[in-house]
Every structure is written in structure tokens, then in C-alpha cells.
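Visitor: Numbering (the numbering used here), first residue to last: 7 to 308.
We treat Cβ as the ideally placed atom computed from N, Cα and C, and that holds for glycine.
Got a structure here, written out as C-alpha cells. Questions coming.
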Amino acid sequence: MMTRGRRYPPVRRGRRGATCSIINLFMKHSVFPPAAAGSACLLALFALAGAAPAAELYYTGFENPPFVAGGQLPGQDGWAAIPPFLNPGAAVITDAAAATGAQSLLVRGSDMTAAPEVDPYAVVGSYRRPVNYDAGAGLSTVLITSDVMLEGAPLGTGDFFTANIAARSADGAVGELSISSDGRVYGFTGTGADGLTLINEPISLNEWHNLGISVDFAANTYSFLVDGTGYGTFPFEAGFTSDVLLRGSLVVYGRPDAGAYSKDNFTARYDNFSIATVPEPGSLSCLLPAAAACLLKRRRRG
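Right under this line is the structure:
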């Protein structure tokens, strides 16, 4: 189990105070708005509570070590090498504008090179962290999350330039979630232009947001999370039966420039990328009283 970046204190079974400490630490470093604090607290339990048999498959805040500011992402800390048409050199570690800590990942539209292989898009950057987790042999639900910010002025309608997170099983894509240049957040099945739009909600640009995809391999479904709010549960595509999560990805798409629509005007930023198994609902239920106590304590302090 890889635990680079932020670390959480051990949580002993049956100790409400210890459970609260992990929730409060999550909340302290969360970028959720105050209105989403309750959902964020429950997500902290859902994904990270040590009293249940959960596990962090991978986490990074893109900090040094192992990441050095100015270096490209692929090839570092297990991030997969990718072909040139997917713009490996555009994904750069930066020591500016981190959601937490000192560093984050930067993908400027102006650094991306067009390629015919990604038609109908002009540019694509696909940055992949393999885990090859077999959910059939362990916990069946995996949560992929990242803090994401798309910088630029909101531009018309349609997903001209997007900053995405994505999940992929051995069968194919099992959910993709994006912040778009039109000030919307979209959830897709499939990949890129081949995907069916499942959610379409307003979201602000130039601010950090937390995006999440929860993949349930037992039920063959996935769900979307935006700043702690859930947006539906959707079935895998027909014929998808694999229990193996190949990877979580950070993906940037840009359509062909046209007039005022220019990829050079947009920048995608990522921080606090995590892939973790989560406890089964029955295991989580024993922690809900502790969650309620922590939330009540936070309200009283506020």
C-alpha cells in the first residue's frame, strides 16, 4: 500500500475520539465549501476510516519527495508512460496554486500539441496511475478522488476545454467526471466524445473543487461526487463484467480552436489524487454515531 503525501493517524476499533480525529483532520485539509461539510465528513468515514477494512491503494499531493517542481508527471511515482500524442510533457509539477501543501499538477492548454489520433478533439492529455486492483478478491467498492481547478473565463456552451478524472476497469471506462470551460460539471459513461452525458450541473471556474467517482464492482455500478454531493448511480456498460480496476486517470480535453475559443486561455490543475477501497455499508454503519457526534461538535464550535 502506497501512502506518499498526507498520512492519517491510526484509528482503533471502538474509539469514537480516534474516529473523530481522522474526520477532523480530513475536514481541516478539505477544499469542500462549508455547506458541504456534512457530506465531506461522511466521505471521510466512507473512504478513510480505519475501523473498517479499507485501504489506500494510492495517494499523492504531488509533494517533494518524490515529485520535483518543473518535472513532468509521467514516469514519476508509478505514473505510466504515455505516447507523445497524449501530451506527456504538458503535465508539469508546480509549486504554485496548490489546494493543500506546496505543490500540485499543472496542465496548460498552451503547452498541449494537437494530434490527429485524438479526433474529434484537437488535444488530449491522459495521465494514468495504474493500480490493477482486483475487487473480486477484496472490498468491492473503490473511490477515486481529486481536487481539480479549471482556470479561465467561462466560455459559451459546450465542453470546449475540460479537466477530468476517470476510472477504467479491465473492460473499459467506468465513469468520467469533468469541469468544463462552459461552467458546468459533466459526468460521462465511456470515454471523451464517445461517452453518454449522465449529469450536467453548474460549477464555478477558477476555484478548487473535489471530484469523485465511486465504483461498485459487486453491483456493476458507479456514482459521481462533486464537492461532497452525490449525483446518481449508473450501471456499467453492457458486457462489462471485470472486477479489476486498472487505473485512475487525470485527463484534459481540448476541442479545435475557433475564434474566441482558444485552448491557450485555459489551465487545468490537480491536487490530492487518491484511489482507495471503501468499507461495505454494513461495516460503515457502526461508525455513523461517531460521525454524528463529530458533526455536532463542529456545529457547536461554529
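#1: Quick check: is any heavy atom of the ligand NAD less than 6 Å from the C-beta of Asp222?
#2: I think Val284 touches Thr147, with their Cβ atoms under 8 Å apart; what is that distance to the nearest whole Å?
#3: What number of angstroms, rounded off, separates the C-alpha of Met33 from the C-alpha of Gly158?
#4: Please list the terminal residues of the continuous beta strand (DSSP E) segment that includes Asp277.
#5: Once DSSP output is grouped into helix, strand and coil, what is the label at Gly245?
#6: Taking the C-alpha atoms as reference points, what is the distance between Leu161 and Phe167?
#7: Excluding the 5 residues flanking Ser248 on each side, which residues of the same chain have their C-beta closer than 7 Å to its C-beta?
#8: So what does Ile205 bridge to, in DSSP terms?
#9: When the cut-off is 7 Å and only beta carbons count, does Pro90 lie next to chain C?
#10: Taking a contact to mean a Cβ-Cβ separation below 7 Å, would you say Leu217 touches Ile281 in this structure?
#11: Tell me whether the stretch 120-127 and the stretch 226-237 touch, counting them as touching only if at least three CB pairs, one residue from each stretch, are closer than 8 Å.
#12: Looking at Arg275: is its Cβ nearer than 7 Å to the Cβ of Leu112?
#13: Return the CA-CA distance between Ser289 and Leu183, expressed in angstroms with no decimal places.
#14: Closest to Asn206 by CA distance: which of Ala179, Gly238 and Ser220 is it?
#15: Whose CA, out of Pro241, Ala266 and Leu63, lies closest to the CA of Asn138?
#16: Is it right to say Leu202 is buried, meaning 16 or more other beta carbons lie within 10 angstroms of its own, or is it exposed?
#17: So the candidates are Val130, Asp83 and Ile185; which of them puts its Cα closest to the Cα of Val2?
#18: What is the residue span of the beta strand (DSSP E) that Phe68 lies within?
Guide: On the basis of the supplied data:
#1: In the structure on display, the ligand NAD does not appear, and there are no ligands present to speak of.
#2: 5 Å
#3: Low local confidence applies: a pLDDT of 41 at Met33 is under 50, so the model's placement there is unreliable, and no value is given.
#4: Thr273 to Thr283
#5: Residue state, collapsed to three classes: coil.
#6: 9 Å
#7: Ser175, Ala176 and Asp177
#8: Gly193
#9: Going by chain labels, chain C is absent from the structure shown, which holds only one protein chain.
#10: no
#11: no
#12: yes
#13: Unreliable placement is indicated for Ser289, whose pLDDT of 48 sits below 50; no coordinate value is reported for it.
#14: Gly238
#15: Leu63
#16: exposed
#17: What the structure shows of the chain is the stretch from 7 to 308, and residue 2 is not part of that stretch, so it cannot be assessed.
#18: Taken as a continuous stretch (DSSP letters only), Phe68 belongs to no beta strand (DSSP E), as it is neither H nor E.
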